[in-house]
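Q: Following this message is one structure expressed as structure tokens.
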Amino acid sequence: MPVVLKIAWRYFFSKSGQTVINRINSIALLVILVATAALMIVLSAFSGLKDFGLSFSNIFDPDFRVVAKQGKTIRLDSSQIHRLDSTDEIKAFSPILEEKVFLSFKEKDQVAYLKGVGSDYLNVIPADSLIAIGEWLIPDSNTIVAGYGIGAGMDLGVYDYGSFLNISIPRKNLKSSLRQNPFHTQQAVTIGLYQISEDIDQKYLFSTLDFARNLLQYPQNVFSSIEIKAAPETPSKDLKKIIQEIMGDSIEIKDRAQLNTALYKMLNTEYLAIYLIFTLVLIIALFNLVGALVMMILDKKPQMTILKAMGITQQQLRQTFFLMGMMIVFLGGGIGLLFSSIVILIQQWSPFINVPGTSLPYPVQWKIGNLLLVMGTLLLFGSIASAWASRGVKQ
1149 MPVVLKIAWR YFFSKSGQTV INRINSIALL VILVATAALM IVLSAFSGLK
1199 DFGLSFSNIF DPDFRVVAKQ GKTIRLDSSQ IHRLDSTDEI KAFSPILEEK
1249 VFLSFKEKDQ VAYLKGVGSD YLNVIPADSL IAIGEWLIPD SNTIVAGYGI
1299 GAGMDLGVYD YGSFLNISIP RKNLKSSLRQ NPFHTQQAVT IGLYQISEDI
1349 DQKYLFSTLD FARNLLQYPQ NVFSSIEIKA APETPSKDLK KIIQEIMGDS
1399 IEIKDRAQLN TALYKMLNTE YLAIYLIFTL VLIIALFNLV GALVMMILDK
1449 KPQMTILKAM GITQQQLRQT FFLMGMMIVF LGGGIGLLFS SIVILIQQWS
1499 PFINVPGTSL PYPVQWKIGN LLLVMGTLLL FGSIASAWAS RGVKQ
């Protein structure tokens, strides 16, 4: 063991003759412990909230969505369907017809998005598990499943065969005739209400693919998009390359992050803001370390004179107090990370804190990335503070 490390080790574990210096050292250690634990807990809490928030969109969004680069529709022939179906990296896929429509029911009107799906859609998105009232779509029928927000806003009755929901879109190639109805309308029966989140519940309603095709008047091989469920552990780049080879250059492939670009940007910005705020708290806490090291330098002044007489250089003395500062950082930060990790894991596995006003456990997520980020931040600013304070050792 180098002589510098031996001296620092001895100074670290030996008590000073002055009680105030011992208390300053203890306070510096405690403040670093609390600041480190707070940073780890806050980042883990935000990670939990982030995963909790994204879980709603992840239920509704597929792993990948194929859309047209230009225009609103893509063409999918039988050979492309066969190639997609035989690709091992694709677990399931479903062509989609989606369009904004006008809803009318018992003198109540609303604009929403109609999403026509086939029988394979449930293999991509388990939408039938989201049904709060009623059941999922019946094949070869004019049934629809609406969002809970749409149903509540329009007073839709489930299995109400006496009152039909009118779904309308503007006619294509409308002739200049005053008598011609400018809208093409089809009637549907609501057999289910799904519930995901407030925004989605008020935006989408589902129908069979044939019902949507008849309403939108699209040819058989034309779709709005293709939603894909990837096989487990399939690299995103590899799957995108395979789909591009099958579909050609006229399409664009988006993953979940690209489907919710604004949401992910907002969450990442909030994460960065929280990290910077609590990093500032940690930096302020490290000023206690600077004060503690300065007091230790003053207290050990007589001993440093003896050490210099024994051949210890000024640079080695600075290294001694730098190492002593890093020991305080390691001990305080290590205990803080251990304590915070225990609290986080207990809340994650056996929740004891609920969201205020609800019985919902407060979501937290222990992640190795957060642990490494806190450790890196603590070591960076701890080494800067120790180096700055050790400059007080002068000739």
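1365 is the number that the numbering used here gives to position 217 of the sequence shown; each next residue is one higher, with no gaps. Note that CB positions come from ideal geometry on N, CA and C, so glycine has one too.
1) Measure the CB-CB distance between residue 1307 and residue 1339 and report whether it falls below 8 Å.
2) In this structure, what does DSSP give as the bridge partners for residue 1342?
3) Quick one: give me the first and last residue of the alpha helix (DSSP H) that residue 1218 is part of.
4) Is residue 1502 helix, strand or coil by DSSP?
5) For residue 1356, report the span of its beta strand (DSSP E) as first-last.
6) In angstroms with no decimal places, state the Cα-to-Cα distance between residue 1555 and residue 1224.
7) Using a beta-carbon distance below 8 Å, is residue 1379 in contact with chain B?
8) Can you tell me the Cα-Cα spacing of residue 1332 and residue 1269, whole angstroms?
9) For residue 1257, write down the residues that DSSP places opposite it in a beta bridge.
10) Using the rule of at least 16 other Cβ atoms within 10 Å of the residue's Cβ for burial, across every protein chain shown, is residue 1310 buried or exposed?
11) Do the CB positions of residue 1469 and residue 1537 come within less than 8 Å of each other?
12) Would you mind listing the alpha helix (DSSP H) stretches within the segment 1171-1214 that are 4+ residues and don't spill past its ends, in chain order?
13) What is the rounded straight-line gap between the Cα of residue 1354 and the Cα of residue 1512?
14) Need the endpoints of the alpha helix (DSSP H) that residue 1271 sits in, please.
15) With a CB to CB cut of under 7 Å and the five nearest residues on each side skipped, what residues in its chain are close to residue 1302?
16) What residue from 1204, 1287, 1438 and 1277 has the CA that sits closest to residue 1173's CA?
17) Tell me residue 1231's beta-bridge partners as DSSP assigns them.
18) Tell me, to the nearest whole angstrom, how far the beta carbon of residue 1373 is from that of residue 1213; I am working on the premise that it is less than 8 Å.
19) What are the boundary residues of the beta strand (DSSP E) that includes residue 1401?
20) How is residue 1320 classed by DSSP in three states: helix, strand or coil?
21) Can you tell me where the alpha helix (DSSP H) holding residue 1535 begins and where it ends?
22) Leaving out the 5 sequence neighbours to the left and right, which residues in its chain are closer than 7 Å to residue 1235 when beta-carbon positions are compared?
23) Pull up the distance between the alpha-carbon of residue 1180 and that of residue 1480, whole angstroms please.
24) Could you tell me the alpha carbon to alpha carbon distance between residue 1508 and residue 1495, rounded to whole angstroms?
25) Does the count of Cβ pairs from the segment 1361-1369 and the segment 1237-1247 closer than 8 Å reach three?
26) Comparing alpha-carbon positions, which option in 1388, 1264, 1361 and 1208 lies nearest residue 1277?
27) Any idea if residue 1262 is buried or exposed, counting beta-carbon neighbours within 10 angstroms, 16 or more meaning buried?
28) Would you kindly work out how many angstroms separate the C-alpha atoms of residue 1515 and residue 1426, rounded to a whole number?
A: With the structure as the only source:
1) Position 159 of the sequence shown, counted from the first residue, corresponds to residue 1307. Position 191 of the sequence shown, counted from the first residue, corresponds to residue 1339. Pairing residue 1307 with residue 1339 gives a Cβ-Cβ distance under 8 Å.
2) Counted from its first residue, the sequence shown places residue 1342 at position 194. Within the DSSP secondary-structure output, residue 1342 pairs in a beta bridge with 1279 and 1295.
3) Residue numbering aside, residue 1218 sits at position 70 when the sequence shown is read from its first letter. Per DSSP, residue 1218 belongs to no alpha helix (DSSP H) and is neither H nor E.
4) By one-based count along the sequence shown, residue 1502 stands at place 354. Correct three-state label for residue 1502: strand.
5) Position 208 of the sequence shown, counted from the start, is the residue given in the question as residue 1356. In the DSSP assignment, residue 1356 falls within the beta strand (DSSP E) that extends over 1352-1356.
6) Lying before the first or after the last residue shown, residue 1555 is absent from the chain, which here runs from 1149 to 1543.
7) This model lacks chain B altogether; it includes just one protein chain.
8) Position 184 of the sequence shown, counted from the first residue, corresponds to residue 1332. Position 121 of the sequence shown, counted from the first residue, corresponds to residue 1269. Going from the Cα of residue 1332 to the Cα of residue 1269 covers about 26 Å.
9) On the sequence shown, residue 1257 is found 109 positions in, with the first residue counted as 1. Residue 1257 is bridged to 1252.
10) In the sequence shown, residue 1310 corresponds to position 162, counting from 1. Burial call: exposed.
11) What you label residue 1469 is simply residue 321 of the sequence shown in a count that begins at 1. What you label residue 1537 is simply residue 389 of the sequence shown in a count that begins at 1. Going by C-beta atoms, residue 1469 is nearer than 8 Å to residue 1537.
12) List check, alpha helix (DSSP H) in window: nothing returned.
13) One-based indexing of the sequence shown puts residue 1354 at position 206. One-based indexing of the sequence shown puts residue 1512 at position 364. So the two alpha carbons sit approximately 33 Å from each other.
14) Taking the first residue of the sequence shown as position 1, residue 1271 is located at position 123. Element bounds for residue 1271: 1269-1272.
15) Here residue 1302 is taken as the residue at index 154 of the sequence shown, counted from 1. Cβ-Cβ distances below 7 Å link residue 1302 to 1251, 1253, 1256 and 1258 in the same chain, with the five nearest sequence neighbours on each side left out; the list follows chain order.
16) As a working note, residue 1173 is residue 25 in the sequence shown. The candidate whose alpha carbon is nearest that of residue 1173 is 1438.
17) For this step, residue 1231 is matched to residue 83 along the sequence shown. Residue 1231 pairs with nothing; no bridge assigned.
18) Position 225 of the sequence shown holds residue 1373. Position 65 of the sequence shown holds residue 1213. With a Cβ gap of about 5 Å, residue 1373 and residue 1213 count as contacting.
19) On the sequence shown, residue 1401 is found 253 positions in, with the first residue counted as 1. Per DSSP, residue 1401 belongs to the beta strand (DSSP E) from 1399-1403.
20) As a working note, residue 1320 is residue 172 in the sequence shown. In the three-state reduction of the DSSP assignment, residue 1320 falls in the coil class, being assigned neither a helical nor a strand state.
21) Here the question's residue 1535 lines up with position 387 in the sequence shown. Counting along the chain, the unbroken alpha helix (DSSP H) around residue 1535 starts and ends at 1516-1538.
22) For the purposes of this step, residue 1235 is identified with residue 87 of the sequence shown, where counting begins at 1. Cβ within range, chain order: 1390.
23) Your numbering for residue 1180 matches position 32 in the sequence shown. Your numbering for residue 1480 matches position 332 in the sequence shown. C-alpha separation (whole angstroms): 5 Å.
24) Here residue 1508 refers to the residue found at position 360 when the sequence shown is read from its first residue. Here residue 1495 refers to the residue found at position 347 when the sequence shown is read from its first residue. Taking the Cα positions, residue 1508 is about 12 Å away from residue 1495.
25) Contact holds: three or more Cβ-Cβ distances are below 8 Å.
26) Counting from one through the sequence shown, the residue named residue 1277 turns up at place 129. Looking at the Cα atoms, 1208 is the closest of the given residues.
27) Counted from its first residue, the sequence shown places residue 1262 at position 114. If you draw a 10 Å sphere on the C-beta of residue 1262, you find 16 or more other C-beta atoms in it, and that means buried.
28) In the sequence shown, counting from the first residue as 1, residue 1515 sits at position 367. In the sequence shown, counting from the first residue as 1, residue 1426 sits at position 278. Whole-angstrom Cα-Cα distance: 18 Å.
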